[in-house]
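Each step along the sequence shown adds one to the number in this note's numbering, with nothing skipped, and position 116 is 111.
Ideal placement from N, C-alpha and C gives every residue a C-beta, glycine not left out.
Worksheet for the structure shown next.
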Amino acid sequence: MDHADSYSCAGTYLITVRPFHDREFDLACKIQEFTEPEQFEKYRSRFADSGKWADHYFNIAIDVDGVAVGELQVRHCRLSMPPGTAEIGIRILPEFQGRGVGTEVLQLSRAKFFDEGFHRICGSTDVTNLGMQRAFEKAGWRFEGISRALMPSADGLPHDYRVYATTRWDEM
Ligand SMILES: CC(C)(COP(=O)(O)OP(=O)(O)OC[C@H]1O[C@@H](n2cnc3c(N)ncnc32)[C@H](O)[C@@H]1OP(=O)(O)O)[C@@H](O)C(=O)NCCC(=O)NCCS
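And the structure:
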């Protein structure tokens, strides 16, 4: 288990989070659904910093049985967020969605980042993203409310987002 930070089992899969390998740049761009050359170039430095905090941003690969199938991003901005708090985002390749990986990664993130000193991790998702909402709920993260008109969307209007969080003191 090369460079694995933590691991967990969902059914028959071995799920880990670990830095991307250099050879996985194209795969990481596919996970991000990049199509334009400018997107690839802009992403290069973030990819090179995988597994390290770079400014306010941290990203690692989600690995299922030795293959990178997604990305976990974590954000902590010292200028705008209280100490000990972080926000996360997850992306999983379509062919690996719906198999419990997202739920497992949320549980695994909780353990990993609480071990590293954080006490609250939150995430939010478009009100239409039922899969992510279900993953938060299955992982035991609590619904905290709606951030209204938060994120620009393809239909031209900012969408409402549902906010979920887990704290060190929550009973799981
Ligand atoms: C959202 C995402 C991270 C969830 O990860 P995942 O591995 O697919 O999630 P899981 O398999 O652990 O759980 C998903 C649950 O949602 C359910 N689900 C998925 N799509 C659904 C839908 N349209 N309506 C209702 N439930 C849905 C699944 O059935 C599953 O629940 P179940 O186990 O009770 O059947 C993943 O699907 C993904 O990467 N999507 C694209 C990027 C994205 O939306 N990222 C989140 C941005 S905030």
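{"Query": "Straight-line gap, F35 to D150 (C-alpha atoms, nearest Å)", "Result": "25 Å"}
{"Query": "Those residues which DSSP pairs with G65 across a bridge", "Result": "I57 and I87"}
{"Query": "Run of the alpha helix (DSSP H) containing M127, from where it starts to where it stops", "Result": "L125 to A134"}
{"Query": "Close beta carbons around S148, own chain, < 6 Å, minus the five adjacent residues each side", "Result": "H154"}
{"Query": "beta-carbon A49 near ligand 1 non-hydrogen atom, thresh 7 Å", "Result": "no"}
{"Query": "Per-residue DSSP class, three states only, for L152", "Result": "coil"}
{"Query": "Best match in F15, E66 and R70 for proximity to E28 [C-alpha to C-alpha]", "Result": "E66"}
{"Query": "Assigned secondary structure, E99 (DSSP; H/G/I helix, E/B strand, else coil)", "Result": "helix"}
{"Query": "Beta-carbon contacts of L9 that lie in its chain and below 6 Å, excluding the five residues immediately before and after", "Result": "D60"}
{"Query": "Neighbourhood of ligand 1 [Cβ distance below 7 Å to any heavy atom], ordered by chain position", "Result": "G65, G84, I85, R86, I87, F91, Q92, G93, R94, G95, V96, G97, T98, E99, G118, S119, T120, D121, N124, L125, G126, M127, R129, A130 and K133"}
{"Query": "Any 3 or more C-beta pairs closer than 8 Å across the region 90 to 110 and the region 45 to 52", "Result": "no"}
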